[in-house]
Amino acid sequence: MKCTRCRAKAEVQLRAHNAGFCRPCYLFYFRRQVERAIAGERMFTPGERLLVAVSGGKDSLALWDVLADLGYDTTGLYLGLGIGAYSEQSHTKVAQFAQRRGLALRVVAFEEEAAGLAVPAVAAATRRPPCSACGTMKRHHFDAAAIDGGFDVLVTGHNLDDEAARLMGNVLRWQKDHLARQRPVLLPTHPRFVRKVKPLYLVSEYETAVYAFMRGIDYIVDECPNAAGAAQLLYKDVLNRLEVASPGTKLAFVKEFLRTGQPAFAQTEREAPRDCEGCGMPSYGPLCAYCRLVREVQSKASAGASALA
Ligand code: Q46
Ligand code: ZN
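Just so we're aligned: the sequence shown equals residues 974 to 1282 in my numbering.
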């Protein structure tokens, strides 16, 4: 196969786009895809300060790499979840990337916030699935770090596969309020929220993996050990099978949802949040989900301590 842009020998074939690229043209294509998403959805402008959530995986590091190359003012945010070797290795990958590229990195380690707040400990104390506890904590710290650091935008590396799997999950249960908020740009609904954007929302996992490989980005290949068995992985598998049979399915699923389906759900969006009485962050009740979780952990810990006394 020949490169769609320059007719040299193609190194990558993208069946969903009916295109193939040699290495230089692929890197050009990938950056263009990201630039188009940013411009097309008016995600941010060159003068704004971006906080890029980085997990150490290929998507977030590839995204950070592109944004830095495009000249945006970026700072990385790494959340230390406290999930054993996975967290240690992912932190190392992020720190090495930031150092090599000379980029600023902020680190928030959950277990250093207060005792017992590593994800496995919170999950055990509250008897919640680890991903439920983790999701609540991550959302809080993303929002808090963005506002406390004076950033304009929080940028995440969700790719097309993530968005398609999430959409499938939301549709299978007709989760109207989730569908109402599934967009590549979320505008703040509270003074302590910043804009949230996903510049990779139309770029597949395969495409970011190829980009990361070609750029020599050293990322963590292992998934979080809690990801195994998650419904998201099942949805991704189903979507991949559909994609093999009919290339372009994922792209059409997400794009058409955003064009035709999403506006109908957006009208059902819930009311604006108020201030959490615990931390001051936005909340839909007196206490935000994070503060409720932390209080539950603390009350379990003090009950345990008094039982031992
Ligand atoms: S990090 Fe956290 Fe994920 Fe691990 S515990 Fe689950 S939610 S799987 S993206
Ligand atoms: Zn709170």
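C-beta atoms are modelled at their ideal positions from N, C-alpha and C, and glycine is treated no differently. The structure displayed is predicted, hence computed values, not measured ones.
{"query": "Beta-carbon proximity list for Pro-1172, same chain, < 7 Å, skipping 5 on both sides", "result": "Val-1007, Ala-1010, Ile-1011, Met-1016, Leu-1036, Val-1128"}
{"query": "Unbroken alpha helix (DSSP H) run spanning Ala-1047, endpoints", "result": "Checking the sequence shown, residue 1047 turns out to be Thr, not Ala. No alpha helix (DSSP H) holds Thr-1047; the beta strand (DSSP E) holding it covers 1046 to 1053."}
{"query": "Outcome for Asp-1135 when other beta-carbon atoms lying within 10 angstroms are tallied against a minimum of 16", "result": "buried"}
{"query": "CA nearest to the CA of Tyr-1208, picked from Ala-1237, Phe-1083, Ala-1137, Trp-1147", "result": "Ala-1137"}
{"query": "Phe-1001 - containing beta strand (DSSP E), residue span", "result": "Taken as a continuous stretch (DSSP letters only), Phe-1001 belongs to no beta strand (DSSP E), being part of the alpha helix (DSSP H) at 996 to 1013."}
{"query": "Cβ-heavy atom distance, Gly-1108 to the ligand Q46, below 7 Å", "result": "yes"}
{"query": "Contact check, Ile-1056 vs Pro-1102, beta carbons under 8 Å", "result": "no"}
{"query": "Cβ-heavy atom distance, Ile-1283 to the ligand Q46, below 7 Å", "result": "Nothing about residue 1283 can be read from this structure; the chain reaches only from 974 to 1282."}
{"query": "Val-1092 CB to nearest heavy atom of the ligand Q46 below 7 Å", "result": "yes"}
{"query": "Cys-1104 versus Gly-1189 - alpha carbon distance", "result": "30 Å"}
{"query": "Nonlocal neighbours in the same chain, by C-beta distance under 6 Å from Tyr-999, ignoring five residues either side", "result": "Val-985"}
{"query": "Identity of the residues DSSP links to Gln-986 by a beta bridge", "result": "Gly-993"}
{"query": "Distance between beta carbons of Gly-1122 and Leu-1054, contact taken as under 8 Å", "result": "Contact flag wrong, Cβ pair sits at about 19 Å."}
{"query": "Three-state class that DSSP yields for Asp-1150 in the structure shown", "result": "helix"}
{"query": "The ligand Q46 heavy atom lying under 7 Å from the CB of Asn-1199", "result": "yes"}
{"query": "Contact check, Thr-1048 vs Arg-1074, beta carbons under 8 Å", "result": "no"}
{"query": "Beta-bridge pairing of Asp-1248 - partner residues as DSSP gives them", "result": "Pro-1255"}
{"query": "Three-state secondary structure assigned by DSSP to Lys-1171", "result": "coil"}
{"query": "Buried versus exposed, by CB contacts within 10 Å (16 or more), Thr-1241", "result": "exposed"}
{"query": "Reduced DSSP secondary structure (H/G/I, E/B, other) of Arg-1079", "result": "strand"}
{"query": "Contacts around Gln-1062, its chain only, beta-carbon distance under 6 Å, and the 5 residues preceding and following it disregarded", "result": "Ile-1193"}
{"query": "The beta strand (DSSP E) enclosing Arg-1022, as first and last residue numbers", "result": "1022 to 1026"}
{"query": "Whole-angstrom distance between Gly-1020 and Asp-1125, CA atom to CA atom", "result": "10 Å"}
{"query": "Spatial distance of Trp-1147 from Met-1141 (CA atoms)", "result": "9 Å"}
{"query": "Exposed unless 16 or more other CB atoms sit within 10 angstroms - verdict on Thr-1109", "result": "buried"}
{"query": "For Val-1176, the three-state DSSP class (helix, strand or coil)", "result": "coil"}
{"query": "CB contact flag (Val-1095, Val-1270, <8 Å)", "result": "yes"}
{"query": "Distance cut-off 7 Å: Ala-1203 Cβ against heavy atoms of the ligand Q46", "result": "yes"}
{"query": "Distance cut-off 7 Å: Cys-1104 Cβ against heavy atoms of the ligand HEM", "result": "This structure simply doesn't include the ligand HEM; it includes the ligand Q46 and the ligand ZN instead."}
{"query": "Local Cβ density within 10 Å of Lys-975, reported as buried at 16 or more and exposed below that", "result": "exposed"}
{"query": "Residues that DSSP places opposite Val-1183 in a beta bridge", "result": "Paired residues: none, contrary to the question."}
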